[in-house]
Every structure is written in structure tokens, then in C-alpha cells.
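Trainee: In terms of the numbering used here, the sequence shown opens at residue 432 and continues consecutively.
C-beta atoms are modelled at their ideal positions from N, C-alpha and C, and glycine is treated no differently.
Dropping the structure in here first, questions after.
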Amino acid sequence: MDWTERYRPSTLSEVRGNDSAVADLREWASTWESHQEAVILHGPPGIGKTSSAHALAADLGWQSIELNASDQRTKAVIERIAGEAASSGTLTGGSAGRRLVIIDEADNLHGNVDRGGTAAITRLVKDAGQPVVLIANEYYEMSRGLRNHCREIEYRPVTARSIIPVLRNICRQEGIEYDGAALERIAEQTSGDLRSAIQDLQAIAAGRSALKEEDVITGDRDRTEGIFEFLDGVIKEYNPQEAQRASYRVDETPDDLLAWIDENLPKDFSGAELSQAYRHLALADRWLGRTWATQNYRFWRYATNHMTAGVAGSRSSPKGGWTRYGPPGYRRHLGRSRGRRNVRDSIAGRIAESGGMSVSTARREVLPFLSTMTYHCKPEVLTEIIASWLELDAGEVSYLTGSGKDTKKVARIVESAKIGSTGVPDPEVREVEETTPPSEADEESGSQAGLGDFG
Numbered sequence: 432m433d434w435t436e437r438y439r440p441s442t443l444s445e446v447r448g449n450d451s452a453v454a455d456l457r458e459w460a461s462t463w464e465s466h467q468e469a470v471i472l473h474g475p476p477g478i479g480k481t482s483s484a485h486a487l488a489a490d491l492g493w494q495s496i497e498l499n500a501s502d503q504r505t506k507a508v509i510e511r512i513a514g515e516a517a518s519s520g521t522l523t524g525g526s527a528g529r530r531l532v533i534i535d536e537a538d539n540l541h542g543n544v545d546r547g548g549t550a551a552i553t554r555l556v557k558d559a560g561q562p563v564v565l566i567a568n569e570y571y572e573m574s575r576g577l578r579n580h581c582r583e584i585e586y587r588p589v590t591a592r593s594i595i596p597v598l599r600n601i602c603r604q605e606g607i608e609y610d611g612a613a614l615e616r617i618a619e620q621t622s623g624d625l626r627s628a629i630q631d632l633q634a635i636a637a638g639r640s641a642l643k644e645e646d647v648i649t650g651d652r653d654r655t656e657g658i659f660e661f662l663d664g665v666i667k668e669y670n671p672q673e674a675q676r677a678s679y680r681v682d683e684t685p686d687d688l689l690a691w692i693d694e695n696l697p698k699d700f701s702g703a704e705l706s707q708a709y710r711h712l713a714l715a716d717r718w719l720g721r722t723w724a725t726q727n728y729r730f731w732r733y734a735t736n737h738m739t740a741g742v743a744g745s746r747s748s749p750k751g752g753w754t755r756y757g758p759p760g761y762r763r764h765l766g767r768s769r770g771r772r773n774v775r776d777s778i779a780g781r782i783a784e785s786g787g788m789s790v791s792t793a794r795r796e797v798l799p800f801l802s803t804m805t806y807h808c809k810p811e812v813l814t815e816i817i818a819s820w821l822e823l824d825a826g827e828v829s830y831l832t833g834s835g836k837d838t839k840k841v842a843r844i845v846e847s848a849k850i851g852s853t854g855v856p857d858p859e860v861r862e863v864e865e866t867t868p869p870s871e872a873d874e875e876s877g878s879q880a881g882l883g884d885f886g
């Protein structure tokens, strides 16, 4: 189990390194009835902001509801989930029946994906009938209007002196002997990030009963170098246990690790060992899907076990030499572009809202079919109808159909869609036009008709 979860503070008295901020948070909560303000906890990642919010709820006996960046934080979602929790009256009365609404990464609302989210959160904190805590890394990345309606509490990087006792306590509970110098080195290298210090401790201590200073080789935590070293180890060298441990040292999400391994595995594996390794990757993918469907992040470890230990255990012969590993194909195609993913999720969000389904279902089960049906804008009438239905702009039509954004066909489709549903030609009439057999002259010139031509 991830030690950051196992040793997460269960009470505010266990939060380390931000005594003044914790005291301010406790005072805010105890006097909330008189001021009814929301509060923003802001500061660098890994220093205890979210843990403090949950610990506060536990201390006061309040229920908590959390909305984070992995959720779609559109206006509709925020008003339905957080808004309901914040405005509902308590059944028992008094503070014991309170609900604490926690909105994590409130500075991380992404344009089209979180359409209307900022405005909805601003209305929520103004009218909430329950306490609301916003978590942010960058305070000034939040809108001025939102900041003006909230109290502000700053969390600062945790000093090495505060990190060391936490690491010492974990070692004792895990039965690991340690040199004080080893824990000092871990604390100093993580630059005030307590969460990273705990992750480093877990990675270094894996498989050891004692920890010495020379064991601490976390380095500069370089992400790009780390992933290539990880791939080389999992695919060529590590045994299953070593491969699993290595995943703790790589700053990639399980989804990204799976994509990296999937892309590069065939460069060294073949035949039966490749087939066996892909069976493990398929199981990892299923566990990741279950994670997102249930929001239960404990399932991540099962996915990680399959994609690391499972792949390493599938190796049937030694691997040597140097292999040119590369980033996953989807990263090349999207150019690591968040904008492209935002367009995808924006379209999926509209499909979900219209069809009464989750965004993940729309993205996984509906969007691929619409893309296939409208590939390169064929048939054009169907693309016009879909563009009108979902109110797509040129960039979104381009994404859906796989065509160039600036093509004349895309511009024509967008213009037709803007006319509105009454202005879109009757589908039955257009279908007849599209499926009318070609004339002899057309056949001689090689032109084609029909709905099945995807170019």
C-alpha cells in the first residue's frame, strides 16, 4: 500500500510543519457559523493541504465530499454534487450534522473541460449553507472574483526538521532500522515536499530491513531520465519484485506508465513472452478502468503490479544491448498537447449531457463511433447534424472527423451547423442525394458516391 495513504494524518494534531496554518483552519471551522465564508488553502504540492481538510472533518465529526481535478468540474456537475451538499440542511442540527465540501486543485480548471466551473464554484462559495474548502497550489491562478469571496490560509513548504520525525515514525511502524543521516538526506532532497519524502522513503526502503545513508540515492528526481531507466530495467533487467519497487521512483501516473510500456515492449519482447506480457498489460488496463469508474485509487496498485511485476515475470530470455525507447504514440500524435485532450473531453461532456450518461462512457463508447461515422467529414450531412447537435466549432469538427481545421469542408459544415436545427437540410432528403447512384459520366471519371467511402 502507498505509504502516503497509510500514514495520512487522521487528525489535525498529526499534520506537520504548518502549525500556524492549521490553527487558522481550526479557528475558521469553529467560527464558521458566524461568518459562513469559504476558505482557500494554498501552497506548494505535498505539504498537507488536502490532508488537513480531511483531518478537520474527522476532528469535528463532519461528513466530507471531495471534488478533484480527475472529475469533470463543469457547471452542471458542481451544482449537482457540491452545490447539493453545501446547500442541504442538516437532519440532526448543529455542527455534528455539517458537511465539509472539499474542492481540490481549484486553481486547475481547464477551459472547455471544466466549462463554467469557475463561475459555478464562485456562486457556490457565495451561497453555500455548508463549509467549503478550496485547495490550490497557485493562489493567484484563481479568479479574482473567487478569491474575493473566500478567506485565505497559506501553507508553506515543510522544513526538513519537521519531515524527519514523520519519516522516523514510519520506519518504526514498518520495523525498519535507520541511520539518522539517511532520513536527513531524504528530507533535505525533497525541498519541503513531505509527500515526496514519504514516497522516496518507501522506494528506498523496499526490500530492506535497515536503511543507511549510502542507500539514499534519490538523485535530482529527473522525470525524463527516470522513465527511460525504468523501461530499461522492467523490460530487460529487473525481477518482478524489483520492477514493482522501481515504479515508486518514477514520477508518472499508472496510466502513463502503461502507455510507455505498451509502446516500447515489442522492441525487446517477441513471441510467447510478448503475448504473456500483453496479457498483464490488458489486466492492468482493466484495473485502471475500474479505478476511474469507482474513484477508488487503491485499485492503482493492482494495475501497477501487472504492468511492472507481470511484465518483468514474462521475460523468458536475457535482454542486452541498447534500445531506442520513445514516448507513447498518443503523445507524439497529440504533441503532449493538453489542448487536444480538452477538445476531446469538451465534446464528450456535451454528448454525456445530451445522452444522460457519464463523461467517461461518452468518451469511451460514443465518441469513437461518431469519429468513425464522420471520418474526414463523410457523409457531410451527418457531420452537419452532429455539429449542430453538439454546437461544435471548427477545431472540434476537425478533432471529431480527423480533418484539417482550416479546410473548406470544415468551414462549410460549421457554417451550416450555425444555421440551427431548422436550417439544417432534411436528413432524409440529403440521404437520398448522397446515395443516388452515380451517372455514367461520374463512373467514367472515377467519382464515387454513397455513405461507405471513408477516404
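So, for Thr590: in the same chain, excluding its five sequence neighbours on each side, which residues have a beta-carbon less than 8 Å away from its beta-carbon?
Mentor: Gly448 and Gly623
Trainee: Excluding the 5 residues preceding and the 5 following Leu689 in the sequence, name in chain order all residues of the same chain whose CB lies nearer than 6 Å to its CB.
Mentor: Ala715 and Met738
Trainee: Ser829 to Gly751, Cα distance in whole Å?
Mentor: 44 Å
Trainee: Looking only at C-alpha atoms, which of Ala818, Glu811 and Thr725 sits nearest to Ser789?
Mentor: Ranking Ala818, Glu811 and Thr725 by Cα distance to Ser789 puts Thr725 first.
Trainee: If distances are taken between C-alpha atoms only, which option among Gly787, Ala793 and Pro758 comes closest to Arg775?
Mentor: Ala793
Trainee: Considering Ile594, what are the terminal residues of the beta strand (DSSP E) in which it resides?
Mentor: Ile594 -> not in any beta strand (DSSP E); alpha helix (DSSP H) instead, spanning Ala591 to Glu605.
Trainee: Would you mind working out which of Ala641, His580, Ala825 and Thr553 sits nearest Gly611, comparing C-alpha positions?
Mentor: Answer by Cα proximity: Ala641.
Trainee: Do you know offhand how far Tyr806's Cα is from Tyr438's?
Mentor: 50 Å
Trainee: Thr554 to His485, Cα distance in whole Å?
Mentor: Just to set this straight, residue 554 is Arg in the shown sequence, not Thr. When only Cα atoms are considered, Arg554 and His485 end up about 23 Å apart.
Trainee: Use the C-beta contact count for Arg587: other C-beta atoms within 10 angstroms, 16 or more gives buried, fewer gives exposed.
Mentor: exposed
Trainee: Below 8 Å CB to CB, which residues in the same chain sit around Val845 once its five sequence neighbours on both sides are set aside?
Mentor: Ala818, Leu823, Asp824, Ala825 and Val828
Trainee: Considering only DSSP beta bridges, list what His473 is partnered with.
Mentor: Ala567 and Glu585
Trainee: Keeping to the same chain, check which residues put their C-beta closer than 6 Å to that of Pro758; ignore five residues upstream and five downstream.
Mentor: Within the same chain, no Cβ atom closer than 6 Å to the Cβ of Pro758 is found once the five residues on either side in sequence are excluded.
Trainee: If you run the structure through DSSP and keep just helix, strand and coil, what is Arg676?
Mentor: Helix.
Trainee: Following the continuous alpha helix (DSSP H) through Arg626, name the residue where it begins and the one where it ends.
Mentor: Leu625 to Ala636
Trainee: Give a yes or no on whether the C-beta atoms belonging to Ile534 and Leu565 are separated by under 7 Å.
Mentor: yes
Trainee: Looking at the strands, I want to know which residues DSSP matches up with Ala818.
Mentor: Under DSSP, Ala818 forms no beta bridge with any residue.
Trainee: For Ala743 and Arg795, what's the separation of their Cα atoms in angstroms?
Mentor: Cα to Cα, the separation comes out at about 29 Å.
Trainee: Let's see if you can read the secondary structure: which residues bound the beta strand (DSSP E) around Arg530?
Mentor: Arg530 to Ile534
Trainee: Spell out the partners DSSP gives Leu946 in its beta bridges.
Mentor: Past the edges of the chain, shown from 432 to 886, lies residue 946, and the structure says nothing about it.
Trainee: From what residue to what residue does the alpha helix (DSSP H) around Ser495 run?
Mentor: Element bounds for Ser495: not the alpha helix (DSSP H) but the beta strand (DSSP E), Gln494 to Leu498.
Trainee: Take Ala674 as the anchor and find which of Arg575, Asp686 and Glu660 has the nearest alpha-carbon.
Mentor: Glu660
Trainee: If you draw a straight line from the alpha carbon of Gly492 to that of Tyr728, how long is it in whole angstroms?
Mentor: 24 Å
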